[in-house]
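To keep things clear, I will list the structure first and then write my remarks on it.
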Amino acid sequence: MSLRQKLLLVALCTLALPVAGWLYVRQMETLLRQGQEQALTATATAVARSLAVTDVPLPQPGSGWYVQQAVNPITIDGYGDDWAPMTPWSQAIGKNGKLLLAEDDNGFYIYVDVRAARRTRADAGDPNALASDHLILDLVQGTQHRRYLLASAAPGAFTALTLDPAAGDLPDRIVGQWQEDGSGYRAELRLPRGLGLSALGVGIYTAVDGGDPLATEMRPLWRYSGDLAQELSRMAPDDTRARLVTPTGWLLAQSGHLTTTGPQPGWFSSVIYRSLLANPLEDAELWTSDVPRLDLPEIQSARNGQPNTVWRQGEERDSVVLATAVPVERDRTVVGVLLLEQASRAVPLLANRAFFSLLMTSFGVLLVAGAILLFFATRLSLRLGRLRDAVERAQVNDGRLDGQMIQGHFPMAEANDEIGDLARSFQKLFEAVGGYTDYLRTLASKLSHELNTPLAIVKSSLDNLEHAELSAEAQPYLARARDGVARLGTLVRAMSEASRMERAIAAAEPEDVDLVEVVRGCADAYRPLAGARRLDCVLPEQALHLHGAPELIAQALDKLFDNALSFTPADGWLRLTLRPSDGGAEIELANQGPPLPAAMQGRLFDSLVSLRDKATPGDAPHLGLGLYVVRLVAERHGGVASARNLEDGSGVAFSLSLQGMPRQRLAG
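Take 9 as the starting number for the sequence shown in this note's numbering and just add one per residue.
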C-alpha cells in the first residue's frame with residue numbers, strides 16, 4: 009500500500025465526525041420525542057382529572073355489557089347475518105355462550121348464541137321449562153328489574169315468559185325468534201328504544217351442566233355517549249383526537265381529528281428520516297381502526313394505573329403521531345382510560361434539518377481534510393520519489409558512484425525536516441562509499457608501481473645466489489623462490505597492464521565502422537578455437553553502422569569469447585548475435601554452461617573479480633580483468649555491459665549495448 013493510500017485511509021477516520029453527529033441527531037430526536045411525550049401526557053392527565061370531577065356519566069368499576077351502534081337494519085329472524093359486522097366484538101357469557109347487543113332508532117336488539125351439542129327442549133310455558141335448556145333475561149330500569157324466561161321446544165317464534173311482576177315501563181311480554189342447529193341454538197329479540205335500561209342480566213342454563221336455573225350475569229350497560237363526546241371535545245386540546253374507553257377498551261366517547269401542520273418534506277428527506285434518523289415506530293393499524301373496542305397494550309397499562317405513550321406512523325406522509333393513554337380515576341378507582349393522539353411533522357422536520365446541516369458541514373470538513381491530506385501525501389510521495397531516484401542514479405554501471413551526485417548535488421539535502429536528514433545521511437554514506445570505491449579502483453595501479461622495486465631486488469638477489477655455491481638441499485628452495493617471484497611478477501605486470509589498458513581505451517580514436525563485418529570477422533576467427541563446440545553467428549541482413557573503435561570492440565569480444573569458452577562443455581554450443589537497438593546496436597554472446605550466481609551478477613564486470621576456480625600450481629593466475637575491459641569498452645561507446653541467465657536455464661548470455669562514441673569537432 010502506497011503512502012498516499014495510507015494517508016487516504018487515515019483521512020477516512022474523519023468519517024467518525026458525521027457518525028458522531030448522526031448519533032447526536034438521533035439522540036436529539038429522542039429528546040424531542042420525550043419532551044412531547046411529557047407535554048401530551050400532562051395534558052391528557054389534566055383532561056382525565058377534569059372528566060373525573062365533572063358530572064359526566066362515567067362507567068362504574070367492574071365489567072359491563074357494551075351496546076354497539078347497529079351498522080345496518082336488523083331483522084328479527086334468529087340468524088346472525090345482520091350481526092356479521094358486529095360479530096368480531098361479541099361478548100362471552102359463561103363458558104359456551106356469546107352475547108351481542110345493538111341499538112338504532114328502531115329499538116334495542118339482543119342476540120344470544122349458545123354452543124351445546126346435547127339439548128333438552130321445552131317451551132317457556134311447559135312446567136319442565138326450568139329443568140330444560142333455557143335463557144334468563146333480567147332487564148334493569150333504574151331501581152326496578154324484571155326477569156324473563158326464554159325457551160323453545162322447536163325453531164321459530166317464541167314469547168318470553170315473565171317471572172316477576174310488572175315493574176315500571178318494562179314490557180310484559182317479549183317476542184323473539186329461536187333457531188338451532190347441530191352445534192347449538194340462537195335467540196334474537198328486540199325491545200323498545202325508550203326503555204332506558206341501565207343494566208342487563210343474562211343467564212344460560214343447560215340441563216347437561218346443571219346449576220341454578222334462574223342465575224344471571226348482571227352487568228351495567230355501556231354505550232357510546234354523544235353527551236360525553238361533546239364534553240370531551242370541550243376539554244381536549246385542538247389538533248388532537250381524544251377517545252374515552254372503558255378499562256376493557258370499549259369506546260364511550262370520541263372527539264377531534266388528527267391534523268398535520270407545517271410543510272411537507274420531499275421524498276428524499278422522508279427516506280433519510282425513516283432509514284437513518286427515526287426511532288422505531290409502532291404499527292398504526294390498531295390505533296386507526298374505527299372499531300367499538302380497542303385492544304391495545306397501552307390501555308392495559310393505563311388500566312393498572314400507569315400512563316403509557318407510543319409513537320406510531322401518521323396517516324399522512326412523513327408525519328408521526330404521538331399517542332398517550334392515561335387512567336381516569338374516581339375515588340382512586342380506574343373507571344376509564346383516556347386516549348389522546350397528536351400528529352406532527354415537527355420532529356421529522358427538525359431532525360432532517362439538523363441532519364442535513366450536519367451532513368453538509370461534515371462533508372465540507374471531510375473534503376477539506378481529505379484534500380489537505382492528499383496534497384500532503386502527494387508532496388511527500390514526490391519528495392520520497394525524488395530521493396529514491398537520486399539514490400538509484402548515484403549508483404551507475406555496476407557499483408560505481410556518480411561524483412556530481414555525491415559532491416553536494418544530492419536533492420533535498422538542504423531541507424530542514426526528516427527527509428532532509430535522510431538525504432544528508434545518504435549523501436554522507438555515498439561520500440564514504442565513493443571514496444573507498446575510488447581507493448579500491450586505483451589500488452591495483454598503486455600496488456603494481458610500489459611492488460616493482462622490491463621485486464627487482466628479490467630477483468637480482470636470486471640471480472646472485474645461482475652463482476654462489478649452494479648445497480644440494482638449498483637448490484629446491486631456490487627454485488621455489490624463483491617460481492614465486494615469477495608468479496608475483498606476472499601479477500604486477502597484469503595490474504600494470506589494466507592501468508595501461510584504461511588509458512589506451514580512453515585514448516582510442518573513433519571512426520565509422522560496419523559492426524556486421526567486425527562481428528563476422530571475429531566469429532570466423534573464433535571457430536578454430538572453439539574445437540568441437542558449435543558456434544552460431546546471427547547477423548542482420550543489412551549493414552549496421554556505428555561511430556566507434558573497431559579494435560576495442562573486437563578486443564571486448566575476445567574477452568567475452570575467452571570467458572565463455574572456459575565455461576562451455578567440450579560438446580556445448582555458443583551463439584554470437586548482433587542486433588540493432590534504439591540509437592545503437594547490441595552484441596550478445598550466449599553459451600551453454602552453469603548459471604551465474606545471483607550474488608555476483610552485479611559485480612562481474614568489476615576489476616579483480618573472477619568466477620573461475622583457483623588456479624592449479626603451475627597455471628597462470630586469472631585476475632578477472634577480462635570482463636572489466638569489456639565494461640570499459642562499453643562505457644567508452646556510451647553503453648553498458650550486462651549479463652543474465654538464459655530463460656530455459658541452459659546457460660548464460662553476456663551483452664554489449666553500444667550507442668557510439670561522440671564525434672570530435674574539427675578546430676576552426
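Backbone N, C-alpha and C define an ideal beta-carbon position, used for all residues, glycine too. Computed from a predicted model, the values in this text were never measured in an experiment.
Pairwise C-alpha distance: residue j and residue i
{"i": "glycine 676", "j": "glycine 647", "result": "Note that glycine 676 scores a pLDDT of 47, beneath 50, so its modelled location is shaky; the value from the coordinates is reported in the next line. Glycine 676 and glycine 647: Cα-Cα distance of roughly 30 Å."}
{"i": "aspartate 113", "j": "leucine 197", "result": "15 Å"}
{"i": "glutamate 559", "j": "leucine 666", "result": "14 Å"}
{"i": "serine 370", "j": "proline 26", "result": "6 Å"}
{"i": "isoleucine 561", "j": "alanine 593", "result": "12 Å"}
{"i": "leucine 20", "j": "alanine 402", "result": "38 Å"}
{"i": "tryptophan 91", "j": "aspartate 85", "result": "11 Å"}
{"i": "arginine 682", "j": "serine 352", "result": "Look at the range of the chain in this structure, 9 to 676, and you will see that residue 682 is not part of it."}
{"i": "leucine 635", "j": "alanine 385", "result": "45 Å"}
{"i": "arginine 237", "j": "tryptophan 258", "result": "Residue 237 is actually alanine in this sequence, not arginine. Their backbone Cα atoms lie some 14 Å apart in a straight line."}
{"i": "tyrosine 117", "j": "serine 71", "result": "20 Å"}
{"i": "lysine 69", "j": "valine 342", "result": "In the sequence as displayed, the identity of residue 69 is proline instead of lysine. If you take the alpha carbons of proline 69 and valine 342, they lie about 7 Å apart."}
{"i": "aspartate 220", "j": "tyrosine 213", "result": "8 Å"}
{"i": "alanine 516", "j": "serine 650", "result": "22 Å"}
{"i": "leucine 612", "j": "alanine 572", "result": "13 Å"}
{"i": "serine 263", "j": "arginine 181", "result": "39 Å"}
{"i": "tyrosine 119", "j": "aspartate 89", "result": "11 Å"}
{"i": "methionine 243", "j": "lysine 103", "result": "41 Å"}
{"i": "leucine 554", "j": "glutamate 519", "result": "8 Å"}
{"i": "asparagine 136", "j": "threonine 128", "result": "10 Å"}
{"i": "leucine 66", "j": "glutamate 337", "result": "10 Å"}
{"i": "isoleucine 465", "j": "leucine 455", "result": "16 Å"}
{"i": "serine 327", "j": "glutamine 321", "result": "7 Å"}
{"i": "glutamate 188", "j": "alanine 130", "result": "13 Å"}
{"i": "threonine 83", "j": "arginine 301", "result": "24 Å"}
{"i": "valine 493", "j": "lysine 467", "result": "7 Å"}
Beta bridge counterpart(s) of residue i as assigned by DSSP
{"i": "phenylalanine 662", "result": "Leu597 and Ala651"}
{"i": "arginine 386", "result": "As written in the sequence, residue 386 is threonine, which differs from the arginine given in the question. BP columns for threonine 386 are empty, so no partner."}
{"i": "cysteine 545", "result": "Leu584"}
{"i": "glutamate 45", "result": "Glutamate 45 pairs with nothing; no bridge assigned."}
{"i": "glutamine 152", "result": "Gln149"}
{"i": "histidine 142", "result": "Tyr213"}
{"i": "valine 184", "result": "It is worth fixing the name first, because residue 184 is glycine in this sequence and not valine. Paired residue(s): Phe166 and Leu197."}
{"i": "glutamine 350", "result": "Thr248 and Leu330"}
Nearest-angstrom Cβ-Cβ length linking residue i and residue j, presumed shorter than 8 Å
{"i": "aspartate 247", "j": "threonine 267", "result": "5 Å"}
{"i": "proline 315", "j": "valine 334", "result": "4 Å"}
{"i": "glutamate 510", "j": "leucine 640", "result": "6 Å"}
{"i": "alanine 168", "j": "aspartate 141", "result": "The Cβ separation is near 15 Å, so there is no contact."}
{"i": "valine 210", "j": "leucine 107", "result": "6 Å"}
{"i": "leucine 470", "j": "leucine 486", "result": "7 Å"}
{"i": "tyrosine 232", "j": "glutamine 77", "result": "6 Å"}
{"i": "arginine 583", "j": "alanine 598", "result": "5 Å"}
{"i": "isoleucine 144", "j": "leucine 222", "result": "6 Å"}
{"i": "valine 122", "j": "glycine 105", "result": "5 Å"}
Reduced DSSP category for residue i - H, G, I as helix; E, B as strand; rest coil
{"i": "phenylalanine 166", "result": "strand"}
{"i": "leucine 157", "result": "strand"}
{"i": "glycine 667", "result": "Before going further, note that residue 667 is glutamine rather than glycine in the sequence given. Note: glutamine 667 maps to coil in three-state DSSP."}
{"i": "methionine 420", "result": "coil"}
{"i": "tyrosine 119", "result": "strand"}
{"i": "aspartate 532", "result": "helix"}
{"i": "serine 327", "result": "coil"}
{"i": "alanine 628", "result": "Confidence at alanine 628 is low in this model, with a pLDDT of 49, below 50, so its placement is unreliable and no value can be given for it."}
{"i": "arginine 391", "result": "helix"}
{"i": "proline 228", "result": "strand"}
{"i": "aspartate 235", "result": "helix"}
{"i": "alanine 24", "result": "helix"}
{"i": "arginine 639", "result": "helix"}
{"i": "threonine 267", "result": "coil"}
{"i": "glutamine 314", "result": "coil"}
{"i": "serine 589", "result": "strand"}
{"i": "threonine 38", "result": "helix"}
{"i": "leucine 612", "result": "coil"}
{"i": "alanine 132", "result": "coil"}
{"i": "proline 335", "result": "strand"}
{"i": "glycine 634", "result": "helix"}
{"i": "lysine 622", "result": "Its pLDDT being 49, under 50, lysine 622 is placed unreliably in this model, and the value from its coordinates should be taken loosely. It is coil, neither helix nor strand."}
{"i": "aspartate 303", "result": "coil"}
Residue i: CB within 6 Å of a non-hydrogen atom of the ligand GDP
{"i": "threonine 386", "result": "This structure lacks the ligand GDP, and indeed carries no ligand of any kind."}
### Query
Going along the chain, which unbroken runs of the beta strand (DSSP E) with 3 or more residues stay wholly within the stretch 443-522?
519-522
### Task
Kindly provide the ranges of any beta strand (DSSP E) runs that are 3 or more residues long and lie completely inside the stretch 66-117, ordered along the chain.
73-77, 99-101 and 105-112
#### Entry: Whole beta strand (DSSP E) elements within the stretch 550-584, 3-residue minimum
553-556
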